[in-house]
Amino acid sequence: MTAGKRDAAGEKNARSGAAARIVAASFFMQLGFQATYFVGIIGCATYVLDADAFAVSGMVLVLNMALVVAGLAAGPLIDAVGPRRTLLFSLALMSAAGLAGWLLPVSYPLLYVVAALLGSLFGLSTTAMDAYPRFVSADDRFLLRANSLVSSAASVAVVAGPALGGLIVSAFPTQADFAVLAFAPLPALALVRATGEKVVPNRSQAAANGDPDAAPGAPAAGEADGAPALASAGFWSSLAEGVRATFANKSLRLLFLVGFLGFFAYGAFDSLESLFYRDVLHASAQWMGWLSAIVGVGGTAGSLLAMRVPAKRLSVTLLSAMLLVTGVGSMIYVGTGSIAWACVGQLVTGLGFGAMGPIRTTLTQRYASFEQVGRVISVMRVGMNSAGTLPLLVAPFLADAFGVQAVLFSASAMVAVIAAGFVVGTSRGRHSGDGVPTGRG
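Residue numbers are given in my numbering: position 271 of the sequence shown equals residue 345, and the series is strictly consecutive.
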């Protein structure tokens with residue numbers, strides 16, 4: 075074997091090892107959140123404190139607002155210090171939040187504080203996790219595979235987290251579920267600590283500025299230790315630059331609109347879904363875990379199927395088609411009072427969501443320039459997370475007027491209609507990257 079082939083094989087093995095650690099870290103990070111959000115926070119509110127729709131909506135609103143604000147801040151932070159440092163910080167605090175939720179007496183103030191912390195830290199962590207593969211390699215095949223496996227890990231956590239939560243609350247008080255959030259981030263911390271970043275945004279930026287010696291992937295001056303240099307621009311100007319980069323490019327703008335409009339109606343689920351379990355399905359708290367786990371089964375299958383899609387076939391039309399699958403699945407999920415049909419609906423919904431994640435992330439990484447990838451991913455996530463805020467404010471009033479099930483079914487149908495419109499519209503006019511650098515190198 076020649077030296078060149080040995081180097082190529084060594085580089086491939088290094089990338090594979092880094093990807094494996096990122097995937098495993100994503101699983102543990104998601105496990106803590108998925109076990110705690112629905113079964114822990116909303117479960118304690120609904121079954122321990124006997125909360126009504128307004129109380130649950132307020133709690134979810136706090137979490138969502140924290141998620142949006144932290145997601146917005148995550149982009150400039152990631153582009154300045156890298157996803158590794160961002161994750162080390164957020165995972166450590168996530169574990170501390172779990173300890174507080176587990177050991178302190180259950181009350182509305184405690185649940186609101188934990189919800190705010192969990193939303194903030196999850197916003198930072200998921201944005202950093204989405205950006206991490208692009209800090210390892212720019213190769214399209216690697217990115218699609220890594221993004222699909224990260225999404226698969228999240229989907230497995232959607233199975234394992236609520237199922238673990240369901241097991242815990244079937245044997246112990248509901249508050250004991252927070253123990254998962256306390257311990258799950260710890261192995262993720264160790265994995266992230268062991269995973270260095272191979273390239274940093276400043277390198278490709280130097281190449282873009284015309285330095286012939288600063289080829290993409292080569293260390294920039296002063297970066298021999300592999301750590302990204304801090305951004306010289308202020309936070310707000312850096313954030314504004316990411317917003318401009320997103321909306322100035324046709325492809326990124328379209329990706330944002332699919333995420334925002336497609337996820338708009340799903341905000342109703344956050345405030346009403348636990349009431350659907352209790353009042354329509356007449357299911358116990360354990361079913362909050364079991365049915366959520368079924369979504370994860372479908373999500374795992376969807377993300378693994380996405381990994382088999384050729385990179386050249388990735389498009390907004392395909393992304394919109396997967397959103398349509400989630401809409402139809404949700405209609406099946408909430409369309410009856412049968413737990414059996416709810417299981418079928420959750421499986422179909424998970425399939426669509428599982429495929430959407432890696433497709434959306436890979437397209438974003440493809441069209442965003444490397445020095446702005448953290449901020450663009452941040453804007454995309456903020457769009458999806460903020461989309462559900464308005465429905466949170468009106469869903470309790472609509473539920474009082476029309477009933478929980480009617481509101482959830484209407485929201486699901488709205489998602490399906492919006493997705494169908496995007497499928498038709500984007501299939502008529504396939505778009506290009508508008509000449510925006512892809513950051514390949």
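Quick reminder that beta carbons are idealized off the backbone N, C-alpha and C, glycines included.
As the structure is a computational prediction, the values presented were derived from the model and not from experiment.
C-beta atoms of Phe216 and Arg89 nearer than 9 Å: If you number the sequence shown from 1, residue 216 lands on position 142. If you number the sequence shown from 1, residue 89 lands on position 15. Yes, these two residues count as a Cβ contact at 9 Å.
Taking only the alpha-carbon atoms, compute the straight-line gap between Pro523 and Gly308 and give it to the nearest angstrom. It is not possible to answer for residue 523, since the shown part of the chain is limited to 75 through 515.
With DSSP as the reference, label Asp126 as helix, strand or coil. For the purposes of this step, residue 126 is taken as the residue at position 52 of the sequence shown. Three-state result, Asp126: coil.
Going along the chain, which residues of its own chain have a beta-carbon closer than 8 Å to the beta-carbon of Ser501, five neighbours each way excluded? Translated into the one-based positions of the sequence shown, residue 501 becomes position 427. If you ignore the 5 residues before and after Ser501, its C-beta comes within less than 8 Å of the C-beta of Thr391, all in its own chain and listed in chain order.
Whole-angstrom distance between Val402 and Thr200, CA atom to CA atom: For this step, residue 200 is matched to residue 126 along the sequence shown. For this step, residue 402 is matched to residue 328 along the sequence shown. Their Cα atoms are separated by approximately 26 Å.
In whole angstroms, give me the CA-to-CA distance for Ser100 and Gly270. As a position in the sequence shown, residue 100 is number 26, starting the count at 1. As a position in the sequence shown, residue 270 is number 196, starting the count at 1. About 15 Å.
In or out: Val332 buried (at least 16 other Cβ within 10 Å) or exposed? Residue numbering aside, residue 332 sits at position 258 when the sequence shown is read from its first letter. Under this definition Val332 is a buried residue.
Enumerate in chain order the residues of its own chain whose CB-to-CB distance from Gly411 is below 7 Å, with the five nearest sequence positions on each side excluded. To locate residue 411, count along the sequence shown from 1; it is residue 337. So the list reads Val354 and Leu355, once near-sequence residues are dropped.
Write down the C-beta distance between Leu425 and Val383 rounded to the nearest angstrom, noting that I regard them as a contact closer than 8 Å. Sequence index remark: in the sequence shown, residue 425 carries index 351 (1-based). Sequence index remark: in the sequence shown, residue 383 carries index 309 (1-based). About 14 Å separates the beta carbon of Leu425 from that of Val383, a gap too long to meet the 8 Å contact definition.
By how many angstroms is the C-alpha of Ala129 removed from the C-alpha of Ala190? Taking the sequence shown and counting its residues from 1, one reaches residue 190 at position 116. Taking the sequence shown and counting its residues from 1, one reaches residue 129 at position 55. Distance between the alpha carbons of Ala190 and Ala129 is about 15 Å.
Give me the Cα-Cα distance between Asn517 and Ala414, rounded to the nearest whole angstrom. Outside the displayed range of the chain (75 to 515) lies residue 517, so it cannot be described from this structure.
With 16 other Cβ atoms within 10 Å as the buried cut-off, status of Asp124: Here residue 124 refers to the residue found at position 50 when the sequence shown is read from its first residue. Classification of Asp124: exposed, given that the 10 Å Cβ count is below 16.
At the level of alpha carbons, what is the spacing between Ala245 and Gln360? Residue 245 sits at position 171 when you count from the first residue of the sequence shown. Residue 360 sits at position 286 when you count from the first residue of the sequence shown. Cα to Cα, Ala245 sits roughly 10 Å from Gln360.
Work out the CA separation of Thr438 and Phe209 for me, nearest whole Å. Indexing the sequence shown from 1 puts residue 209 at position 135. Indexing the sequence shown from 1 puts residue 438 at position 364. For Phe209 and Thr438, the distance between alpha carbons rounds to 14 Å.
With C-beta atoms as the reference, is Gly336 less than 9 Å away from Ile433? Counting from one through the sequence shown, the residue named residue 336 turns up at place 262. Counting from one through the sequence shown, the residue named residue 433 turns up at place 359. By the CB criterion at 9 Å, Gly336 and Ile433 fall outside the cutoff.
Distance between beta carbons of Ile451 and Gly149, contact taken as under 8 Å: By one-based count along the sequence shown, residue 149 stands at place 75. By one-based count along the sequence shown, residue 451 stands at place 377. The Cβ separation is near 7 Å, so the contact holds.
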